[in-house]
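Here is the structure we will look at.
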Amino acid sequence: MNNRRNFLKTAAMASAAVALSSFTGKPEENEEPNNNLSDGKIRKPIVLSTWNFGLKANEAAWEVLKKGGRALDAVEAGVKIPEGDPTERSVGYGGRPDRDGRVTLDACIMDEMSNIGSVGCLEFIKHPISVARAVMEKTPHVMLVGDGALQFALAQGFPKENLLVPDSEREWKEWLKTSEYKPIANIENHDTIGMIALDADGNLSGACTTSGMAFKMHGRLGDSPIIGAGLYVDNEIGAATATGHGEEVIRISGSHLVVELMRQGKSPQKACEEAVLRVVKLMKNRNKDLKDIQVGFIALNKKGDYGSYCVQSGFNYAVYDDTGNKLINPEFYLK
Ligand code: SD4
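Basically my numbering = 1-based index in the sequence shown + 2.
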């Protein structure tokens with residue numbers, strides 16, 4: 003208890019330090035990483051997921067984790083919650099369509115043994131994450147896209163369903179009037195659930211699933227089905243997942259970069275910050291306006307330390323550990 007109180011106090015002081023230092027718009031090199039256990043203990047089980055729908059998703063994951071279940075089962079169960087919810091308009095059933103009015107879903111999954119599975123541009127299947135898991139467990143491949151992914155899903159017994167809900171259809175028809183593709187940073191036409199977990203056995207897994215950018219070109223893949231971009235897990239080191247403008251995440255192989263930075267000794271917090279700074283640098287090099295994009299990373303290491311950073315305000319993530327489930331607004335670059 004004492005340790006926890008100390009941790010909370012240190013975390014509060016650390017966030018105050020971050021808040022102060024962030025007036026420079028850049029994280030300070032030597033600031034204390036928050037969300038780390040200082041006493042060498044391992045915080046497990048624990049699950050993290052992106053955006054506020056992560057709170058509900060974490061509940062489902064926690065049901066698995068608290069019984070000593072596998073992180074892989076936890077992350078699949080967790081992300082299936084927003085996938086199956088028609089009011090969540092950026093993931094799975096209810097997701098916004100592409101510019102042709104077709105709901106095309108991207109998802110990937112990775113376990114503690116570096117098994118991977120992914121689907122891209124998958125239509126008519128409510129739970130792409132489970133198809134990604136089936137690709138991982140039942141095929142010699144790691145990625146299936148488009149019609150091939152659909153045929154595989156149907157052969158596996160996944161039901162074919164209409165995923166376009168009336169609200170999304172209405173928005174698409176409205177959008178057709180201008181047909182202007184302009185993703186809005188943070189909300190409105192994109193969000194993704196990325197979830198990473200450390201189970202009671204100390205093993206890591208992750209899952210990532212999305213309907214991608216609304217009104218995208220048909221066939222467009224974002225970062226979310228790409229192992230190393232939208233998600234990466236290394237059971238010796240840690241796990242990371244991404245949300246936001248997939249094109250920018252792919253450009254830096256974002257989640258893999260975050261994990262490699264942790265391998266070099268960075269805390270999850272520092273690793274996320276450095277990856278976001280890389281996005282910022284490449285945007286600036288290309289004379290692109292940072293205000294137009296959001297990229298957020300969340301990361302977790304083998305000790306259960308975690309962190310997050312993003313380009314601009316508005317991103318949040320949910321963390322569930324033995325102290326409960328909470329939503330956190332991470333620090334961000336653009337002030
Ligand atoms: C994509 N990264 O398709 C996803 C979308 C997203 O918050 O995460 N939006 O590019």
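Quick reminder that beta carbons are idealized off the backbone N, C-alpha and C, glycines included.
Notebook entry, point to check: Mind checking if Glu-249 is an interface residue toward chain B, Cβ cutoff 8 Å exclusive?
Noted result: The displayed structure is made up of one protein chain only, and chain B is not part of it.
Notebook entry, point to check: Tell me the DSSP bridge mates of Val-321?
Noted result: What you label residue 321 is simply residue 319 of the sequence shown in a count that begins at 1. When beta bridges are read from the DSSP output, Val-321 appears opposite Leu-50 and Lys-328.
Notebook entry, point to check: Can you tell me the Cα-Cα spacing of Tyr-311 and Ala-151, whole angstroms?
Noted result: Residue 311 sits at position 309 when you count from the first residue of the sequence shown. Residue 151 sits at position 149 when you count from the first residue of the sequence shown. Going from the Cα of Tyr-311 to the Cα of Ala-151 covers about 33 Å.
Check: Would you call the CB atoms of Leu-166 and Pro-227 closer than 8 Å?
Finding: On the sequence shown, residue 166 is found 164 positions in, with the first residue counted as 1. On the sequence shown, residue 227 is found 225 positions in, with the first residue counted as 1. Cβ distance not < 8 Å, so Leu-166 and Pro-227 don't count as in contact.
Notebook entry, point to check: CA-CA distance, Ile-198 and Gly-232?
Noted result: In the sequence shown, residue 198 corresponds to position 196, counting from 1. In the sequence shown, residue 232 corresponds to position 230, counting from 1. Ile-198 and Gly-232: Cα-Cα distance of roughly 11 Å.
Notebook entry, point to check: For Met-112, which three-state DSSP category applies?
Noted result: Taking the sequence shown and counting its residues from 1, the one referred to as residue 112 is at position 110. Strand, per DSSP.
Next item on the list: Spell out a yes or no on whether the segment 318-332 and the segment 201-221 are touching, meaning 3 or more CB-CB pairs, one atom from each, closer than 8 Å.
Entry: no
Note to self: Could you pull the DSSP bridge partners for Ala-199 from this structure?
What the structure shows: Here residue 199 refers to the residue found at position 197 of the sequence shown. Partner(s): Val-49 and Ser-207.
Notebook entry, point to check: Alpha carbon to alpha carbon, how far is Asn-191 from Gly-230?
Noted result: Locating residue 191 in the sequence shown gives position 189, counting from the first residue. Locating residue 230 in the sequence shown gives position 228, counting from the first residue. Residue confidence for Asn-191 is low, a pLDDT of 45 falling below 50, so the modelled location carries little weight; the figure read from the coordinates is stated next. Each residue's Cα considered, the two are about 24 Å apart.
Next item on the list: Just confirm the distance between the C-beta atoms of Val-133 and Val-144, as a whole number of angstroms; I'd bet it's less than 8 Å.
Entry: Along the sequence shown, one-based indexing puts residue 133 at 131. Along the sequence shown, one-based indexing puts residue 144 at 142. Actually they do not touch by this definition, with Cβ atoms about 13 Å apart.
Check: Can you give the beta carbon distance from Lys-128 to Gly-94, rounded, assuming they're within the 8 Å contact cut?
Finding: Residue mapping note: residue 128 aligns to position 126 of the sequence shown, counting from 1. Residue mapping note: residue 94 aligns to position 92 of the sequence shown, counting from 1. At roughly 6 Å, the Cβ-Cβ gap stays under 8 Å, so Lys-128 and Gly-94 are in contact.
Notebook entry, point to check: Between Glu-176 and Thr-245, what straight-line distance do the alpha-carbon atoms span, to the nearest angstrom?
Noted result: Here residue 176 is taken as the residue at index 174 of the sequence shown, counted from 1. Here residue 245 is taken as the residue at index 243 of the sequence shown, counted from 1. When rounded, the distance between both Cα atoms is 26 Å.
Margin query: Quick check: does the Cβ of Met-215 come within less than 7 Å of any heavy atom belonging to the ligand SD4?
Written below: The residue you call residue 215 lines up with position 213 of the sequence shown. Within the cutoff, so yes.
Check: From which residue to which residue does the beta strand (DSSP E) around Phe-334 run?
Finding: Your numbering for residue 334 matches position 332 in the sequence shown. Residues 334-336.
Margin query: Quick check on this structure: which residue in Lys-305, Lys-286 and Ala-301 has the alpha carbon closest to the alpha carbon of Asn-1?
Written below: This structure leaves residue 1 out entirely; the chain is present only between 3 and 337.
Next item on the list: Output yes or no for whether 8 Å exceeds the beta carbon distance between Asp-323 and Arg-45.
Entry: Within the sequence shown, the letter at position 321 stands for residue 323. Within the sequence shown, the letter at position 43 stands for residue 45. In contact: Asp-323 and Arg-45 (Cβ atoms closer than 8 Å).
Checklist line | Assigned exposure category for Asp-108 - 16 Cβ within 10 Å defines buried | finding: Within the sequence shown, residue 108 is the residue found at index 106, counting from 1. Asp-108 is buried by the Cβ-count criterion.
Check: In or out: Arg-135 buried (at least 16 other Cβ within 10 Å) or exposed?
Finding: Sequence index remark: in the sequence shown, residue 135 carries index 133 (1-based). Looking at its Cβ environment, which holds 16 or more other Cβ atoms inside 10 Å, Arg-135 is buried.
Note to self: Does the distance between the C-beta of Thr-243 and the nearest non-hydrogen atom of the ligand SD4 fall short of 7 Å?
What the structure shows: Locating residue 243 in the sequence shown gives position 241, where the first residue counts as 1. No; taking the cut-off as 7 Å, the Cβ of Thr-243 has no heavy atom of the ligand SD4 nearer than that.
Next item on the list: Indicate whether Ala-355 and Ile-254 have their beta-carbon atoms separated by less than 8 Å.
Entry: Given that the chain is displayed from residue 3 to residue 337, the structure contains no residue 355 and the question cannot be resolved.
Notebook entry, point to check: Taking DSSP as the reference, what is the three-state secondary structure of Asp-193?
Noted result: On the sequence shown, position 191 is the one that residue 193 refers to. Of the three classes helix, strand and coil, the one that applies to Asp-193 here is coil, per DSSP.
Item checked: Rounded C-alpha distance that separates Asp-169 from Gly-97 -> By 1-based counting over the sequence shown, the position of residue 169 is 167. By 1-based counting over the sequence shown, the position of residue 97 is 95. For Asp-169 and Gly-97, the distance between alpha carbons rounds to 10 Å.
Check: Is Gly-232 near the ligand SD4, judged by its Cβ being under 7 Å from some heavy atom?
Finding: Here residue 232 refers to the residue found at position 230 when the sequence shown is read from its first residue. Checking every heavy atom of the ligand SD4 against the Cβ of Gly-232, one is found closer than 7 Å.
Next item on the list: Quick one: grab the DSSP three-state call for Met-228.
Entry: Translated into positions along the sequence shown, residue 228 becomes position 226. Here the sequence assigns Ile to residue 228, which means Met is not the residue at that position. It is coil, neither helix nor strand.
Next item on the list: Compute the distance between the beta-carbons of Pro-88 and Ala-202, then report whether it is under 8 Å.
Entry: Here the question's residue 88 lines up with position 86 in the sequence shown. Here the question's residue 202 lines up with position 200 in the sequence shown. Their beta carbons are not under 8 Å apart, which means Pro-88 does not touch Ala-202 by this criterion.
Check: Can you name, in chain order, every residue of its own chain whose Cβ lies under 7 Å from the Cβ of Asn-32, other than the five neighbours on each side?
Finding: Position 30 of the sequence shown, counted from the start, is the residue given in the question as residue 32. Summary for Asn-32: the model assigns pLDDT 37, below 50, so the residue's position carries little reliability, and this model does not support an answer.
Checklist line | Proximal residues to Gly-248 (C-beta, below 6 Å), its chain only, five neighbours per side dropped | finding: Taking the first residue of the sequence shown as 1, we reach residue 248 at position 246. Once the five neighbours on either side are set aside, the close Cβ partners of Gly-248 are Gly-224 and Asp-225.
Check: Does the beta carbon of Val-105 fall short of 7 Å from some heavy atom of the ligand SD4?
Finding: Within the sequence shown, numbered from 1, the residue matching residue 105 stands at position 103. Val-105: no, Cβ never under 7 Å from the ligand SD4.
Item checked: Whole-angstrom distance between Arg-72 and Leu-200, CA atom to CA atom -> Looking up residue 200 in the sequence shown gives position 198. Looking up residue 72 in the sequence shown gives position 70. Distance between the alpha carbons of Leu-200 and Arg-72: 9 Å.
Item checked: Proximity winner among Ile-239, Trp-174, Ser-257 and Ser-213, relative to Arg-101 (alpha-carbon distances) -> Here residue 101 refers to the residue found at position 99 when the sequence shown is read from its first residue. Per the Cα distances, Trp-174.
Item checked: C-alpha gap between Asn-287 and Asn-164, whole angstroms -> Your numbering for residue 287 matches position 285 in the sequence shown. Your numbering for residue 164 matches position 162 in the sequence shown. C-alpha separation (whole angstroms): 42 Å.
Next item on the list: Please state whether DSSP places Leu-1 in a helix, a strand or coil.
Entry: Outside the shown range of the chain, which is 3 to 337, sits residue 1, and nothing can be said about it.
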